[in-house]
Amino acid sequence: MRTILTFASFHSTLILSKSYSNAFGFPNVYFSPFISLPRKRASTIKMSSTDTLMDSMSSACSEALSRPVRLEVARGGGSSGGGGASVSAATDSESGVKYFIKKTSAGGGGEQMLRAEYLGVKEMADTHTIKVPEPIAYGTHKGTTAFVVFEYLDFCGGGSQYELGKQLAQMHKCFSPNGNFGFHVDNTIGATPQPNIPWDHDNWADFWDEHRLGHMLKLTGDAGLDKSTVKKLRDKTKELLSHNPQPSLLHGDLWGGNKGFAKVPSNGDKISPVIFDPATYYGDREADVAMTYLFGGFGPDFYRGYEDEWPLPEGHEKRKTVYNLYHILNHDVLFGGMYLSQARGMINKIMKD
């Protein structure tokens, strides 16, 4: 979704036109381990009535890192992130380490949204292909505020778009562990619910029809189309997506504002490509690449790097409009305005291909 730079920029405001209540039914899991540890359900730490939000986040990080953490507010925050969560920074007074903090109301699906983001970023981090802000912990404070804690990155100018493309292709070579399309949790694309489960689809065209195009058509009232046209669109889309792609790990929301470059201490402060604010799932890698064309921000070197690592198959140009229709319909859900007209133009193009 085209939102505001979150980790890399802290001076803009996200405007959303709609909110969604109780979108998913995730269990109340409060703390998860640091990226290098196996995923497991950790126990809840008991808090006193006088504990602050910062205390709750400190306890979550202490649990995840197996060492004392005492977070204090730091400079470097104040904007809204994807889905409306606010972004800030905190420093551990015990170690001097700085972290990104995202928080939102725990109600109305907020806790589930941040939990899903944590799990999606962790899935990408575990590939060791392209840099993401390593997820540290997530949880809730007194049942009212949800939060997630990430590694703090020093974003900067410069960096190689060629390496960005090459490393994205390397991540796309990481395939679904069960061979199916989807993910083990539902998540959000911006603030819009994005269904991924049940994670049992082995046919890409069927997955896209049910969980992506069909889902957005329901949310937009079939984009104002009659039933006959909707059926023709869905049939044509399934025909275009009959190329049997492998289920690659996708970022899922890869517009220009969700990528950047940062100095990475573990890599000798080398300026490295970074992606963040994902809507992660396993799908056709072309969907990620297609979105990079939607709002700009990716140069020729990016596409050259991607092609050098893993060339796109024949027919990807025709499928690009199919994949980007999903995001434009989502923009109509979130913002309205001109996006429905743009979506109808894309639908006409798909029907003619």
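Our numbering applies: residue 20 is where the sequence shown begins, and numbers increase by one.
Backbone N, C-alpha and C define an ideal beta-carbon position, used for all residues, glycine too.
| task | Return the bridge partner residues of Gln213 from the DSSP annotation. | result | Answer is Asn206.
| Three CB pairs or more closer than 8 Å across the stretch 205–217 and the stretch 321–334 | no
| task | From the DSSP output, in three-state form, read off Asp372 for me. | result | coil
| request: May I have the straight-line CA-CA distance separating His224 from Leu236, to the nearest angstrom? | output: Reading off the sequence shown, one finds Ala at residue 224, where the question assumed His. Here the alpha carbon of Ala224 sits roughly 16 Å from the alpha carbon of Leu236.
| said: For a test of the three-state rule: what should DSSP assign to Ile385, helix, strand or coil? | reply: Past the edges of the chain, shown from 20 to 372, lies residue 385, and the structure says nothing about it.
| message | Less than 8 Å between the C-beta atoms of Leu259 and Thr146, yes or no? | response | No; because the gap between Cβ atoms is not below 8 Å, this pair is not in contact.
| task | Give the straight-line distance between the Cα atoms of Glu182 and Trp227, rounded to the nearest whole angstrom. | result | 29 Å
| Stretch pair the stretch 263–283 + the stretch 242–249: three plus CB contacts closer than 8 Å | Contact between the stretch 263–283 and the stretch 242–249 is absent, because fewer than three Cβ pairs lie under 8 Å.
| Taking all protein chains shown into account, do 16 or more other C-beta atoms lie within 10 angstroms of the C-beta of Glu113, making it buried, or fewer, making it exposed? | exposed
| Per DSSP, Tyr118 forms a beta bridge with which residues? | Ala109 and Glu170
| query | Which ranges would you report for the beta strand (DSSP E) in the stretch 211–269 if only whole runs of at least 3 residues count? | reply | List check, beta strand (DSSP E) in window: 211–213 and 267–269.
| request: Let me know the secondary structure DSSP gives Glu328 once reduced to three states. | output: helix
| Taking all protein chains shown into account, do 16 or more other C-beta atoms lie within 10 angstroms of the C-beta of Asn380, making it buried, or fewer, making it exposed? | Outside the shown range of the chain, which is 20 to 372, sits residue 380, and nothing can be said about it.
| query | What are the start and end residues of the beta strand (DSSP E) that includes Ser75? | reply | It is not in any beta strand (DSSP E) - Ser75 instead sits in the alpha helix (DSSP H) that spans Leu72 to Leu84.
| said: Would Arg253 and Leu232 qualify as a contact pair, given that the criterion is a beta-carbon distance under 8 Å? | reply: yes
| Contact belief for Pro297 with Gly139 at Cβ below 8 Å, rounded distance in angstroms | 5 Å
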